[in-house]
Amino acid sequence: MTADLIVRNARIHTVDDALPRAEAMAVSDGRIVWLGPDADAPEAARTIDAAGRLVLPGFVDAHNHVRLGSDAACVQLAGAGDLAEIGRRIGAWRAAHPEATWIECEGFDYSALPGMPTAADLDPLTGGLPAIVFSYDVHTMWANTAALRRLGIDGDHTDLPFGVAQLDEAGRPTGFVTEFAVRGLSRDGHRALAALGVPWAGADRAYTRLLDSLDMATAFGITTIVEPQNSVDDLALFERARSEGRLRSRLIAALFHPRGTGAGDLAEFARAAATYDDEWLRAGPLKLYIDDVVEPHTAALLEPYCGHGDHRGDTFYPPEEFAALLTELDAAGFQAFVHATGDRGIRTVLDAVEHARRVNGPRDARHQVVHVECLDPADVPRFAELGVVACMQPRHCSPDIAGPGRDWAEAVGPSRWSKAWPMRSLHEAGAVLAFSSDWNVAEMDPMVGIYTAVTRRGLAGGPAWMPEESVDLATAIRGYTMGSAYANFCEHDRGSLTVGKLADFTVLSDNLFEIPAEAIPGVRTDLVVVGGEVVHEG
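What the sequence shown shows, in full-length UniProt numbering, is residues 1 to 538, in sequence order.
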């Protein structure tokens, strides 16, 4: 046999229990045709000398908003810890963009201001220009007074296509808009923002964000991206990137199913799934929300938020309605990705899956609970029992994001910290873990996620938060490879380095198994191969 490509002198961690390790790997026609010791390697037209470096399967990022991405045209507020720093960054941006007609910011951390921010906080910083600020999780939007006017928000107009405007005790808009991820990122919400002249919502900006994120994913060794929330309109962006040679990682696009989605929409989803269905671009899973997020107290909890009376948050659907909806989608053959962060929200989803299985009969649906941030111990074994995948983002549980002193931890209170991102408990109970970045909510780099899953420490080190829920390195790598491939019905050709599978792999600068955990974030991808072709060299 003469192969197209041979990788030699490698330490190959296959994530395949049948052959856990190898020294060499042969590729022909874009697929792996042989694995084994260097001494037995076949001849090949091309050779990659790995020089003893670690080779892993290409990462499968199970929840990565490449279409939303980070926007270089926005004021970047990541790391801005108070209003003064926010003002400094906005001021510097205004000085560099004197022609701007809008100010748009991203990456706002709820902890930067005590309580919820208001238009009055933002007005002195923005010089009369309309300004909007997206929270780091893109679930809320903060607007100044000029933006409230431009967006048509007043005391009588709070139920918006792109969110729900909050009012003060006098019935006036505060400037804080919730449910942005549910509404503002929907087809109708996005169109409404574009019609109102918000530059961020323009088609050119969306395509630029996508291309930047696709390039970043390739450089990080992410060879399959799951884009979790799209309208059918958005699929044209991915097709354009493909036709222009910019789609160098494979992509699975979930279609957004907001409340009110009807039979005509489902038929359109089914047509899209039939149209986009190959190794490079596939559509089909449906994205739903059952609750919102913990920090602004909009996730659904079993017990009240700490220090907030009887307030427990709410679900977007009554439980009976959601169970009926999921049963209908399950019967039609759809896979559901359901955003659920609070323990009551998660339980509502698991109850709905249980109801669907009872009505429709068990099937290999692989419905996902996405985020799984606050999980009641009673519900841990139900994931494996019901065949539900836990799609989790390890970086979110880092103490510098969610731990003591941060809004997440303070909102649920210390008595519930043991419920926070219980990765080890789920793994030991037999649940499938599908790991992901949730870019641009957190860093896209899988090394950051793997490090956090293994240590539950911040990027600067320091004490671990709930370290009993960390996982070992092999489990973390599996979550970013085989677990995520299985979660998305592509384990037959991705997720491990196995004869017959696609030749998607990455060569790392350091061996993760031989370095201290604190060094993992510094590891880089020296080489990324997709379908046997080099797509990135570090």
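Note that beta-carbon positions come from the ideal geometry of N, C-alpha and C, so glycine has one too.
Check	Outcome
What are the complete alpha helix (DSSP H) segments, minimum 4 residues, inside the region 316–351?	319–331
Given that a residue counts as buried once 16 or more other Cβ atoms are within 10 Å of its Cβ, and exposed if not, what is Gly175?	buried
Taking contact to mean at least 3 C-beta pairs separated by less than 8 Å, is the region 122–141 in contact with the region 180–189?	yes
Skipping 5 residues on each side, what residues in its chain have a beta carbon closer than 6 Å to that of Arg424?	Glu469 and Val471
How long is the line joining the alpha carbons of Ala194 and His157, rounded to whole angstroms?	18 Å
For the beta strand (DSSP E) containing Met392, list its first residue and its last residue.	Val389 to Met392
Does the count of Cβ pairs from the region 260–279 and the region 89–106 closer than 8 Å reach three?	no
What is the C-beta distance between Asp154 and Pro173, in whole angstroms, given that I count them as a contact (C-beta under 8 Å)?	6 Å
Does the beta-carbon of Gln335, which I'm using as the reference point, lie nearer than 8 Å to any heavy atom of the ligand ADP?	The ligand ADP is not part of this structure, which contains no ligands at all.
Report yes or no: do three or more beta-carbon pairs, one from the region 455–464 and one from the region 506–524, lie closer than 8 Å?	yes
I'd like the list of long-range same chain contacts for Pro318, defined as Cβ closer than 7 Å, with 5 residues on each side in sequence excluded.	none
Please identify the residue among Cys490, Ser111 and Glu303 whose C-alpha is closest to the C-alpha of Pro414.	Glu303
If you follow the alpha helix (DSSP H) that Leu211 is in, where does it begin and where does it stop?	Ala203 to Ala219
Among Ala272, His311 and Arg344, which has the Cα closest to the Cα of Leu301?	Arg344
If contacts are defined as beta-carbon pairs under 8 Å, then Asp379 and Arg347 qualify, I think. What distance do you get, rounded to the angstrom?	6 Å
At which residues does the alpha helix (DSSP H) containing Gly264 begin and terminate?	Ala263 to Thr275
Over what stretch of residues does the beta strand (DSSP E) that includes residue 540 continue unbroken?	Only positions 1 to 538 of the chain appear in the structure, and residue 540 is not among them; the question remains open.
If His355 sits next to Ala390, beta carbons under 8 Å apart, how far is it from one beta carbon to the other, in whole angstroms?	That pair is no contact at about 19 Å.
What are the start and end residues of each continuous alpha helix (DSSP H) run of 4 or more residues lying completely inside the region 419–496, in chain order?	423–428, 446–455, 473–480 and 482–487
Leaving out five residues before and five after Asp188 in sequence, what residues of the same chain have Cβ atoms less than 7 Å from its Cβ?	Pro161
Quick one: Cα of Asp40 to Cα of Met1, how far?	11 Å
Curious, which full-length alpha helix (DSSP H) runs of at least 4 residues does the region 113–175 contain?	119–126 and 145–150
Within 10 angstroms of the Cβ of Thr298, are there 16 or more other Cβ atoms? Answer buried if so, exposed if not.	buried
Once DSSP output is grouped into helix, strand and coil, what is the label at Leu235?	helix
So Ile290 and Ala340 are supposed to be a Cβ contact under 8 Å. How far apart are they, rounded?	5 Å
Do the CB positions of Gln76 and Gly107 come within less than 9 Å of each other?	yes
Alpha carbon to alpha carbon, how far is Asp215 from Val528? Give it in angstroms, no decimals.	12 Å
Using 8 Å for Cβ pairs, my map puts Leu210 next to Leu237. What's the rounded Cβ distance?	5 Å
In the DSSP assignment, the alpha helix (DSSP H) including Trp408 goes from what residue to what residue?	Asp407 to Val412
Tell me the DSSP secondary structure of Glu354 in three-state form.	helix
In angstroms, rounded to a whole number, what distance separates the CA positions of Tyr480 and Thr506?	13 Å
Among the residues of its own chain, which have a CB less than 8 Å from the CB of Thr327, if the five just before and after it don't count?	Ala352, His355, Ala356, Val359 and Asn360
So which of Ala365, Cys306, Pro296 and Phe316 has the shortest CA-CA distance to Asp330?	Ala365
Under 9 Å, do Glu227 and Ala254 count as touching if we go by C-beta distance?	yes
Between the Cα of Asp376 and those of Gln368, Gly333, Pro404 and Leu426, spot the shortest distance and give me the residue it belongs to.	Leu426
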